[in-house]
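Written below as structure tokens is the structure these notes are about.
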Amino acid sequence: MVSPDSNSLPSDLGFNVEKYPLENSAGLEIDEWGPEKVLQVYDPDTGMKGVLVIDNTSTGPGKGGIRFAASVTATEVFRLARTMTWKCASAGLPFGGAKGGIIANPSKVNQVEWIKSFAKMIRPYCPSQYIAATDVGTTELDMAVFAHEIGDMRACTGKPQELGGIPHELGTTGYGVSVALRTTIDFLKDIKRKGLKASKPFNDLINSLDTKSNDIKVVIQGFGNVGSFTAKFLNDLDIKVIGVSDVSAFVFDENGLDIPQLMNDMKDKSKLNDLLDYSKNPSQNSYDILDKDEIFNVDSDIFIPAALTGVINDKTAPKILENNVKIIVEGANIPTTSSADQYLIGNNILIIPDFLANSGGVIGSFVEYQGRTEKEAFDLIDYKITNNVKKALYNSLQLTDQGGNTSPLFNVRKIAMETAKQIVYRAMLLRKGSISVAREAYARKEQIIF
Ligand code: NAD
-15 MVSPDSNSLP
-5 SDLGFNVEKY
5 PLENSAGLEI
15 DEWGPEKVLQ
25 VYDPDTGMKG
35 VLVIDNTSTG
45 PGKGGIRFAA
55 SVTATEVFRL
65 ARTMTWKCAS
75 AGLPFGGAKG
85 GIIANPSKVN
95 QVEWIKSFAK
105 MIRPYCPSQY
115 IAATDVGTTE
125 LDMAVFAHEI
135 GDMRACTGKP
145 QELGGIPHEL
155 GTTGYGVSVA
165 LRTTIDFLKD
175 IKRKGLKASK
185 PFNDLINSLD
195 TKSNDIKVVI
205 QGFGNVGSFT
215 AKFLNDLDIK
225 VIGVSDVSAF
235 VFDENGLDIP
245 QLMNDMKDKS
255 KLNDLLDYSK
265 NPSQNSYDIL
275 DKDEIFNVDS
285 DIFIPAALTG
295 VINDKTAPKI
305 LENNVKIIVE
315 GANIPTTSSA
325 DQYLIGNNIL
335 IIPDFLANSG
345 GVIGSFVEYQ
355 GRTEKEAFDL
365 IDYKITNNVK
375 KALYNSLQLT
385 DQGGNTSPLF
395 NVRKIAMETA
405 KQIVYRAMLL
415 RKGSISVARE
425 AYARKEQIIF
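See below:
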């Protein structure tokens, strides 16, 4: 194994392509962290095409959902697997990073047959090297099918409750996103309340939020599993959600949406635009329904992407800044491109990264894997995400204090990523089975800097 170079600055995903310009058979960049296996599968009987990427298993079997969508590519699955490597390490779980992908629109194929087919093809790796879960396009029922086909209930999490599962449909990820935001706001308010010393970027942020007191406004892009539950749990915390969007529309009320009512009205509908007909009925609630991209044109304090990858990019980042957004909490996986990330941080926007903020689902998965209860899952999500977000913010605060008011240090993603890398790096050394290498690693603990 190559020891990472302390002078090299990793990109936001942690690859160092310049230093490791190798390619594996799927044409993906490989680096010092992985991927360990890239499996492209095809079943001529059903026509199913899929990809499994097992990125890094040094901290345990690779954990990651199965994405079922026509747009799935090996590169996307790899990037998502890498995010899982950092997410599981950050959350201190005995899992590594992996991801599955099935390439088709699930509503246009025989979904059950394709899930069975994918399971059959990857069976040798489950659950010893890969433990599946739901992701975009897959549900708890797919997990029931998958576990039965593998013949082992430990092959996946997110199963229906009847099979001992803790389905993601309970909203564990959205709950975690709400905990991440609550922790961030509490942390910032605490600095002011306790009169702690903080550098300019933090102070500016604290002051701008402080003047708002309890009138902090949130918009959420995506109203699926993650987005809708984030809205629900923020509403429980009395944090005002003024707009939510999905693929069809943006629903907005500058005084705050009635989230329980909205969730109830959406029960028998598949997309927000369906509320349009509903609003025409005078006996029903009425909604202000706008074009979905209007979410980038309204003022808010907090922006939560909970839909697609790469939605915060060079085009949308300046709009987010113009709208006076102060904090971004990443509910979706990899929603911010590298350049947008740098631009926003450079303009003192605080970003709570995906692998910290949306780890509620995988923490819940771990509790399911251990055969424990739903209550324990929610408690552990609260405990871990509160601690992890706080720790990253404290480290960031300390660095900005030491370094004056330079905004690049205002980078929670980089700090949290370094912690995750330390964990994975040590596990990789230990896995090599070389006691002397491990001993040396512990001895040099403080010197392992990326
Ligand atoms: P989902 O399919 O339930 O919901 C996705 C939502 O995004 C839908 O409301 C859809 O209409 C909306 N959307 C699609 N295109 C859009 C667009 N152009 N503009 C606005 N909205 C759009 O998916 P999900 O499970 O909620 O996952 C959302 C994101 O969160 C994904 O990036 C996923 O990888 C990530 N994530 C999910 C979980 C989980 O437990 N479900 C855990 C961690 C991360």
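Letter 112 of the sequence shown, counting from 1, is numbered 96 in this note's numbering, and no numbers are missing. We put the CB at the ideal spot given by N, CA and C, even for glycine.
| query | result |
| --- | --- |
| Gly315: CB within 7 Å of a non-hydrogen atom of the ligand NAD | yes |
| Inter-residue CB distance, Leu77 and Ile347 (contact presumed, cutoff 8 Å) | 7 Å |
| Ala103 in three-state terms, based on DSSP | helix |
| Between the CA atoms of Asn308 and Ser270 - distance to the nearest angstrom | 27 Å |
| Beta carbon of Thr59 nearer than 8 Å to that of Trp17 | no |
| Beta-carbon proximity check, Val163 vs Ile279, cutoff 8 Å | no |
| Residues bridged to Ser437 (per DSSP) | The question about residue 437 has no answer, for the chain in this structure spans -15 to 434. |
| Coil, strand or helix - Pro5 by DSSP | Any reading at Pro5 needs caution, since the residue's pLDDT is 39, under 50, leaving its predicted position unreliable; the model's value is listed next. Three-state result, Pro5: coil. |
| Check: Gly294 C-beta below 7 Å from any heavy atom of the ligand NAD | no |
| Minimum length 4: unbroken alpha helix (DSSP H) runs contained in the segment 269 to 352 | 301 to 306, 322 to 330, 338 to 341 |
| Helix, strand or coil at Ala182 [DSSP, three-state] | coil |
| Within-8 Å CB hit, Leu256 to chain C | As a matter of chain content, chain C is missing from the structure shown, which is built from one protein chain. |
| Distance cut-off 7 Å: Asp230 Cβ against heavy atoms of the ligand NAD | yes |
| Nonlocal neighbours in the same chain, by C-beta distance under 6 Å from Gly294, ignoring five residues either side | Thr321 |
| Those residues which DSSP pairs with Lys21 across a bridge | Ile38 |
| DSSP state of Cys110 mapped onto helix, strand, coil | coil |
| At least three beta-carbon pairs within less than 8 Å, the segment 186 to 194 to the segment 216 to 228 | no |
| C-alpha gap between Asn317 and Asp258, whole angstroms | 27 Å |
| Start and end residues, beta strand (DSSP E) containing Phe236 | 234 to 236 |
| Cβ-Cβ distance between Val120 and Asn342 below 8 Å | no |
| For Lys224, the first and last residue of its enclosing alpha helix (DSSP H) | Note, Lys224: premise wrong, no alpha helix (DSSP H); beta strand (DSSP E) at 224 to 229. |
| Beta-carbon contacts of Ala73 that lie in its chain and below 7 Å, excluding the five residues immediately before and after | Thr43, Ala404, Ile407, Val408 |
| Gly149 in three-state terms, based on DSSP | coil |
| Any 3 or more C-beta pairs closer than 8 Å across the segment 353 to 372 and the segment 86 to 94 | no |
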